[in-house]
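This report concerns only the one structure given below.
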Amino acid sequence: MSDCLFCRIVAKEQPAEIIYETGRTLAFRDINPQAPTHALVIPKQHHADAAALARADDGLADDVLKTAHAVAVQEGVAEDGYRVVFNTGPGAGQTVFHVHAHVLGGRPLTWPPG
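In terms of UniProt numbering, the sequence shown has 4 at position 4, counting the first letter as 1, and numbering is strictly consecutive.
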């Protein structure tokens, strides 16, 4: 989708600090980090939100979670703990409507979140 920021990142038309890539997923640093480690993991195929990703039912959600864990390992936060967050819909704070998982770590993450 030409008007989707994350689709443009996948197409390498929009710059991003890419830190991990598979055949079906891409991970890059968040431009407004909320923790020392804050990466976004996206499927290369466009799905608007986590609900749409779940409906795709082709193993892509599994690939996104596997990539999130691989990023946590690569970034050195897997052992101490990390958080994976999907914001689904504007009421949950989703601002880019291409599903993405936030991988956060490197500091204590309190509960409940904001």
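Cβ coordinates follow ideal geometry from the N, Cα and C atoms, glycine included. It should be emphasised that the depicted structure is a prediction, and the values quoted were computed from it without experimental measurement.
- Rounded to whole angstroms, the separation of the alpha carbons of serine 2 and glutamate 75 is 31 Å.
- Secondary-structure assignment with DSSP links phenylalanine 86 through a beta bridge to Ala101.
- In the displayed model, arginine 29 falls within a strand according to three-state DSSP.
- Ranked by Cα distance from tyrosine 82, the options Cys7, Asp62, Leu109 are led by Leu109.
- Here histidine 69 carries a helix assignment [DSSP, helix/strand/coil].
- Pairing valine 99 with alanine 68 gives a Cβ-Cβ distance that is not under 8 Å.
- Contact check for aspartate 30 against glutamine 94 fails: the beta carbons are separated by 8 Å or more.
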